[in-house]
Amino acid sequence: INPIFLSTPVAIAKAFAVLVGDGELLRALGISVLVVLIGFAVATVVGVPIGLLMGRFRTFEYLIDPYVNALYVVPRIALIPLIIIWFGLGVPAQIVVVFGTSVFPVLLSTYAGVRNVPSDLIETAHSFGASERQLFHSIIIPASVPFIMSGLRLGIGQAIIGMVVAQMFLGLSGMGFMLTKYGNMFETAYVFVVVLSLAALGIVMTEVVKRLEQRYSSWR
Numbered sequence: 434i435n436p437i438f439l440s441t442p443v444a445i446a447k448a449f450a451v452l453v454g455d456g457e458l459l460r461a462l463g464i465s466v467l468v469v470l471i472g473f474a475v476a477t478v479v480g481v482p483i484g485l486l487m488g489r490f491r492t493f494e495y496l497i498d499p500y501v502n503a504l505y506v507v508p509r510i511a512l513i514p515l516i517i518i519w520f521g522l523g524v525p526a527q528i529v530v531v532f533g534t535s536v537f538p539v540l541l542s543t544y545a546g547v548r549n550v551p552s553d554l555i556e557t558a559h560s561f562g563a564s565e566r567q568l569f570h571s572i573i574i575p576a577s578v579p580f581i582m583s584g585l586r587l588g589i590g591q592a593i594i595g596m597v598v599a600q601m602f603l604g605l606s607g608m609g610f611m612l613t614k615y616g617n618m619f620e621t622a623y624v625f626v627v628v629l630s631l632a633a634l635g636i637v638m639t640e641v642v643k644r645l646e647q648r649y650s651s652w653r
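Numbering (our numbering), first residue to last: 434 to 653.
Laid out in structure tokens, this is it:
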């Protein structure tokens, strides 16, 4: 097969050795991981509380739901020209894209978790005079943990996708930039190295979220 279309394992291994040897792959991986972690952390901090409030309070849901739905269906690529105007080219703009791609799975899964809390538990807590804070801490959040963790697992995948897209359009470094660079040069072996590295990154980050899920499942 023409190596432009499909490379060989030996060629991919040699390309991997070259990229690791000159430090390009490790530098790009470091920048990409930083962008994913910051963007996903912000998405979690924003998405979980909003999802909890939307699921618990109908008035808040009524006020926020139209904006959530509108932003959720808008393709992130369509917002890239505005992001360039507002944040320029670089890491801050990439973090914004990662946040935009990963916040909605977290938010919507948390909302679904709150809506699925058994009503008899809440009614029983109310009958014993539980405050709203006690409801959240003792019933709503523990019962929503499986949904929140599912949202985090979906969100981390979307965060990696958002990072690649952002660096292809907004970056001068990182894994996405390497994909564009070596794709334009028809260096298929180098492209495969980046793709496999992204797959490994996704496996590692998903496993971390799974460990968190096991850690907090007992709280439920």
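All residues carry an ideal CB built from backbone N, CA and C; glycine is no exception. This structure is a prediction, so every number in the text was calculated from the model and none was measured.
Query - Residues of its chain near Leu459, where Cβ-Cβ distance is below 7 Å and the 5 sequence neighbours each way are ignored - result: Non-local C-beta neighbours of Leu459 in its own chain, meaning closer than 7 Å and more than five positions away in sequence, comprise Val453, ordered along the chain.
- request: Drop a sphere of 10 angstroms on the beta-carbon of Leu515, count the other beta-carbons inside from all chains shown, and report buried for 16 or more, exposed for fewer.
  value: Leu515 counts as exposed, since fewer than 16 other C-beta atoms from the protein chains shown sit within 10 angstroms of its C-beta.
inquiry  = Among Ala503, Ile517, Phe490, Ala461, whose alpha-carbon lies nearest the alpha-carbon of Phe602?
reply    = When each option's Cα is compared against that of Phe602, the closest is Ile517.
Please classify Pro538: is it buried, with 16 or more other beta-carbons within 10 angstroms of its beta-carbon, or exposed?
By the neighbour-count definition (other C-beta atoms within 10 Å, threshold 16), Pro538 is a buried residue.
- Leaving out five residues before and five after Gly616 in sequence, what residues of the same chain have Cβ atoms less than 7 Å from its Cβ? Counting only Cβ-Cβ distances below 7 Å, and skipping sequence neighbours, we find Val624.
Inter-residue spacing [alpha-carbon to alpha-carbon] between Leu655 and Ala558:
This structure does not reach residue 655, given that the chain is present from 434 up to 653, and the question cannot be answered.
From this set, Thr543, Gly562, Ile513, which residue's C-alpha is nearest Gly533's C-alpha?
Taking only the C-alpha atoms, the option nearest Gly533 is Ile513.
Quick one: give me the first and last residue of the alpha helix (DSSP H) that Met582 is part of. DSSP places Met582 inside the alpha helix (DSSP H), whose first and last residues are 574-603.
Tell me whether the stretch 541-557 and the stretch 634-645 touch, counting them as touching only if at least three CB pairs, one residue from each stretch, are closer than 8 Å.
Judged by Cβ distances under 8 Å, the stretch 541-557 makes no contact with the stretch 634-645, as fewer than three pairs qualify.
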